[in-house]
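Quick notes on the structure that follows.
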Amino acid sequence: MEQRDERRPVPALRALGGMLASPGATFASFPARQPWFVPLLLFSLIGAVTAALVASVMANALAPQAADISQQAGLPAAEAGNVAQFVRLLSLVTGTVVGFLSPFFYVFVTALVVWVLAMLLRQRLPFAQVFSLATYAYLPHVFGTLVLTGLVVAGAYDVMAMGGALPTSLKVLFPEATGGFLAGLARRVELFGLWSTVLLGIGLAAATRRTSRWGIGVALAAWLLLVVAGSALGSLVPGPGSWPAATGGAPGLGGGIPR
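Written out as structure tokens, the structure reads:
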């Protein structure tokens, strides 16, 4: 007969603090049904606000360009001004919406890949439990987004010139990376993403009662798969423009808005 998990859920804020102070002990105290909605909603709200701030900076740069292009195309000055206002509004709305939705999307993709890998390794876990682990492991991406937003708003980092890459990615060290795949790879290998991946591995180890080496190994394998797949897809189907990076992203996807 399967033994029931009688442990009570850890309060969300305490669990998030435990990701910084003692992730191993915090994950070990999680029941199988540790709630994920509150932290994920918090991440989404932070993502929406930070993406809106970065998008506003970008919109201020894009709107005049849109007005100039419109005038060169023969539109009157008044209509060109309307085009600039539309571009500014579209940038803000799109950045905010994608910033809000990105955390859920990336956590879902990461949880799915890790869940499948664990099953292939004959380690069965409920998908909801893996999703919860991936949610709490997402926390480092929030810090990455806050760093990005502060630098962009202060004018110290040109996110458009860097293709939306976080300032802690390999893209900053190798800005001359050529080719869609290499550029995408450099953008996705990022400090906060690796931190998040290690956290997820610690959570897997606690949930499966395996060693940390095993859990981190599975998480790194998932990260590598997502890095390669995301870079390959980005090189085949380039995304529109240079949107700001929203809150983090799941391990391996490099955070932010996909391209």
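Residue numbers in the sequence shown follow this note's numbering, run continuously in steps of one, and reach 504 at the last position.
No residue lacks a Cβ here, since even glycine has one placed at the ideal position from N, Cα and C.
Here S414 carries a strand assignment [DSSP, helix/strand/coil].
The alpha-carbon of F353 is positioned some 15 Å away from that of A363. When rounded, the separation of the alpha-carbon atoms in F388 and Q279 is 23 Å. Per DSSP, P254 is not a residue of any alpha helix (DSSP H), being assigned neither H nor E. Where W459 is concerned, the enclosing alpha helix (DSSP H) starts and stops at 457 to 481.
Between the alpha carbons of L411 and S476 lies a distance of about 15 Å. The Cβ atoms of G448 and A399 do not sit closer than 9 Å to each other. Rounded to the nearest whole angstrom, the CA to CA distance from T413 to R433 is 10 Å. Here R252 has P276 as same chain residues with Cβ atoms under 6 Å from its own Cβ, once five neighbours each way along the sequence are excluded.
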